[in-house]
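According to my numbering, the sequence shown is numbered sequentially starting from 149.
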Amino acid sequence: MESKDLFGVPRDRRPNPDAATAPAPASTGRRYGAAAIDGTLAVFCAAMSGLVYVLSLPASEAPPLTSGNVWLRVLVAGIGVSLINQVLLGLLFRFSVGKLLVGTRVVRMADGGRPRLWQLLGRWIGGITYGLTILPIGFFLGGSEAPPLDFSGVRIVKASADS
Numbered sequence: 149m150e151s152k153d154l155f156g157v158p159r160d161r162r163p164n165p166d167a168a169t170a171p172a173p174a175s176t177g178r179r180y181g182a183a184a185i186d187g188t189l190a191v192f193c194a195a196m197s198g199l200v201y202v203l204s205l206p207a208s209e210a211p212p213l214t215s216g217n218v219w220l221r222v223l224v225a226g227i228g229v230s231l232i233n234q235v236l237l238g239l240l241f242r243f244s245v246g247k248l249l250v251g252t253r254v255v256r257m258a259d260g261g262r263p264r265l266w267q268l269l270g271r272w273i274g275g276i277t278y279g280l281t282i283l284p285i286g287f288f289l290g291g292s293e294a295p296p297l298d299f300s301g302v303r304i305v306k307a308s309a310d311s
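Structure below.
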């Protein structure tokens, strides 16, 4: 007997009818590798911004490393680089620097198309929140076999040669 939904339309028993055409999901190693590269890039650029700021001042006016101006500049630079790398490059090219280097890209979960701006912003906020809170706690408690999360309707897949 055929299964039907609430409106009497026959259900497709396959979990994803377009599974044959959907891009292959990226492995956990590629996903974490891209995240490590992107995080390192943001931290490096933020540190360089703070260093350039401190070195640009005369020695008599150089602020101490505990100065709020230095750390504010570092924080803003890190967030800015991360936002441009994840959201703007994702919107334009479907990858960040880290994703390019490990051979992955981002697509919409619904149809495999280009992610929308609001999806990439949601993914960026969710990724930072998850990466700075849940992930370290899970690592400290012994880790998990669960795959990394996909946020905001965006999935990370292996980059194909034709796209």
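Note that beta-carbon positions come from the ideal geometry of N, C-alpha and C, so glycine has one too.
Please read these numbers as outputs of a predicted model, since none were measured by experiment.
Does DSSP put residue i in a helix, a strand or coil?
i: Pro296; result: coil
i: Arg162; result: Unreliable positioning characterises Arg162 in this predicted model, as indicated by a pLDDT of 49, which lies under 50. The coordinate reading is nonetheless provided below. Arg162: coil per DSSP, three-state reduction.
Can you tell which of the options has the C-alpha that lies nearest to the C-alpha of residue i?
i: Phe192; options: Tyr180, Ile227, Glu209 and Leu239; result: Ile227
i: Ser230; options: Arg264, Ala210, Gly274 and Gly301; result: Gly274
i: Gln234; options: Pro173, Ala174, Ala184 and Gly216; result: Ala184
i: Pro171; options: Ala225, Thr252, Ser197 and Pro284; result: Thr252
i: Gly198; options: Leu280, Gly290, Ser208 and Asn217; result: Asn217
i: Arg271; options: Val302, Thr281, Glu209 and Ile282; result: Val302
i: Gly187; options: Lys306, Val305, Leu289 and Ala225; result: Ala225
i: Arg256; options: Val305, Ile282 and Leu289; result: Val305
i: Leu237; options: Gly290, Leu269, Ser175 and Ala210; result: Leu269
Report yes if the CB atom of residue i is closer than 8 Å to the CB atom of residue j, and no otherwise.
i: Arg179; j: Pro296; result: yes
i: Arg242; j: Val250; result: no
i: Leu329; j: Leu265; result: In the structure as shown, the chain starts at 149 and stops at 311, and residue 329 therefore has no counterpart that could be examined.
i: Leu280; j: Val245; result: no
i: Ala182; j: Lys247; result: yes
i: Gln267; j: Ser300; result: yes
Closer than 8 Å, CB to CB, is residue i near chain C or not?
i: Asp298; result: Judged by its chain identifiers, the structure shown contains no chain C, having just a single protein chain.
Check: Enumerated in chain order, which unbroken segments of the alpha helix (DSSP H) with a length of 4 residues or greater are wholly contained in the segment 173-229?
Finding: 176-204
Margin query: Please give me, in chain order, every unbroken run of the alpha helix (DSSP H) with length at least 4 that falls completely inside the segment 238-291.
Written below: 245-250, 265-277 and 283-288
Note to self: If contact is defined by three or more beta carbon pairs under 8 Å, each pair taking one atom from either stretch, is the segment 253-264 in contact with the segment 187-204?
What the structure shows: no
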